[in-house]
Amino acid sequence: MHMTYPKQIAFVSAIGCILLLSTLSPTHAAPPTSSSTVQTDRILQHQLEQERRRRREEEREEQRRSRPPSAPTTAPPAGVPEGECTPISSIEFNGVTLLAEKQITALKAPYLDTCMSVADIKALMQDVTNEYLEMGYITARVGLPMPQPELRNGHLTLGAREGTIDRIILEDAAGEILYQPPNLFPGMVGGPLNLRDMEQGLDQINRLPSNRATISIEPGEEAGESRVRIRNEVGFPLRARLTVDNSGSESTGEMKRTAKIDGDNLLGLYDGFSLHYSENYQEDKNRQMSEAWVGSASIPYGYWTLSYNLSKSEYLTSQTLRTGDILYSFGDSTNHTLGIDRGSRIGAKDARSPPMRA
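The following block contains the structure:
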């Protein structure tokens, strides 16, 4: 059905009511109350009802003017409701930088070359918002900028505020600011806020047993900005353990002593260190024994964790022959392992790729 210029202007006025429901507001604006939402819906419904009556009157007038004198009066088909919509042939997204062209095309497809109502436009806005949320951009907001001068030509424009990080604050349980090394959240301040990036940094902190960190997101100083606050309950950074038991082997000594010490964040880079020593022995250490040293270190960088392991061991065994001679067997080994692995967030779960070893 052809729509005249006055109808399009009236439809644009109705579209403007969407701004009362969804605007390009600051990232953490408080949600509207149920009473204000009901009032807004009533206003929108009233304007749409006025538009419906106006269009019906114009259509009757056009029919009277264009109807031949001999033509009989024809009623509209029964059961076909008249909706408030406008034909849309093109849709433009302003401010969208985090969605791929393939995603944008897929979002537009169900709505192109259709007659879109107010409800359809709101549904499209929600579809775009959901796409951001699935990717982890939880502070992104989609709105309908006004005016819409090209709407009468079938061109709809939507705008997005994708949300950025104003500041990342790391503090202890008492609220005192802690040193934040550059390797923990590299390059994230000033960039888009992605919840998976934040949670990955949180995982890097909490991988050390002495840390218990939680995260909260607060409004930033400017519209569309957010401040990330990480509160860490820091425990004592050193742990030690010493054991003695008889879990050794008969060939190298049944008695076994072990000692282990671990350290957290000793360099201030949320690094982890560990040193482990074990020894099997008998009363005569000159005839059978074994000992091993194992040291490890790890340092995070965003999603990545660099690790190094050094192990050194040696053993001595003996066997008395029938001749009374003693046959000794001994050996030692040293191993170095350099590894890097990447943690990745998938939805609410944490998955780790197999480590790369060098």
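With numbering that gives the first Met the number 0, the residue at position 234 of the sequence shown is 233, and numbering never jumps.
All C-beta atoms in this analysis are idealised placements derived from N, C-alpha and C, irrespective of residue type, glycine included.
Residues in its own chain within less than 6 Å of residue i by CB, not counting five upstream and five downstream?
i	result
Q318	L326
S215	R228
T333	K311
S246	K255
L241	A258
H275	K259, V293
S295	S273, N308
A291	S277, S312
P169	Checking the sequence, you will find Leu at residue 169 rather than Pro. The answer, listed in chain order, is L177, Q179, I229.
V243	R256
E91	T156
P331	First, the amino acid is wrong: residue 331 is Asp here, not Pro. Closer than 6 Å at Cβ, skipping near neighbours: E313.
G301	P185
Y110	L123
Three-state secondary structure (DSSP) at residue i?
i	result
E133	helix
M124	helix
Q371	The chain is shown only over 0 to 357; residue 371 falls outside these bounds and no answer can be derived.
A268	It should be pointed out that residue 268 corresponds to Leu in this sequence rather than to Ala. Here L268 sits in coil by DSSP.
A118	helix
L274	strand
N182	coil
L111	coil
Y177	Note that residue 177 is Leu in the sequence shown, not Tyr. Coil at L177, not helix or strand.
L150	helix
P208	coil
L97	coil
S69	At S69, the pLDDT of 37 sits below 50, so the modelled position is not reliable; the number obtained from the coordinates is stated separately. The answer is coil: DSSP assigns S69 none of H, G, I, E or B.
Around the C-beta of residue i, are 16 or more other C-beta atoms found within 10 angstroms, so that it is buried, or is it exposed?
i	result
Y422	Past the boundaries of the shown model lies residue 422; the chain is included only from 0 to 357, so the question cannot be answered.
R140	buried
E83	buried
D263	buried
K101	exposed
S88	exposed
L320	exposed
S328	exposed
P299	buried
I176	exposed
V127	buried
Q147	buried
N231	buried
A212	buried
T138	buried
L266	exposed
G189	exposed
T104	exposed
Please report the residue range of the alpha helix (DSSP H) in which residue i lies.
i	result
D196	194–205
A105	100–107
Counting along the chain, where does the beta strand (DSSP E) carrying residue i start and finish?
i	result
I87	84–87
M288	288–300
V370	Since the displayed the chain opens at 0 and closes at 357, residue 370 lies outside it and no answer follows.
I260	254–263
V243	237–244
Name, in chain order, the residues that DSSP records as bridge partners for residue i.
i	result
I229	L169, I214
N308	S295, T336
A159	V141
D331	E313
E224	T163
Tell me whether residue i counts as near the ligand MN, meaning its Cβ is closer than 8 Å to at least one heavy atom of that ligand.
i	result
L265	For the ligand MN, the structure offers nothing, since it holds no ligand at all.
Short of 7 Å in beta carbon distance, which residues of its chain neighbour residue i, apart from the five on each side in sequence? Order them along the chain.
i	result
G234	S209
G153	P86, I87, S88, S89
T113	I87
N193	G135, Y136
L268	P180, N182, I298
H335	L309
A172	R230, E232
L98	E130
Going by beta carbon distance, what residues of the same chain come within less than 8 Å of residue i, once the five residues before and after it are set aside?
i	result
G94	G158, A159, R160, E161
Mind checking if residue i is an interface residue toward chain C, Cβ cutoff 9 Å exclusive?
i	result
Q203	Absent from the structure: chain C. Only one protein chain is present.
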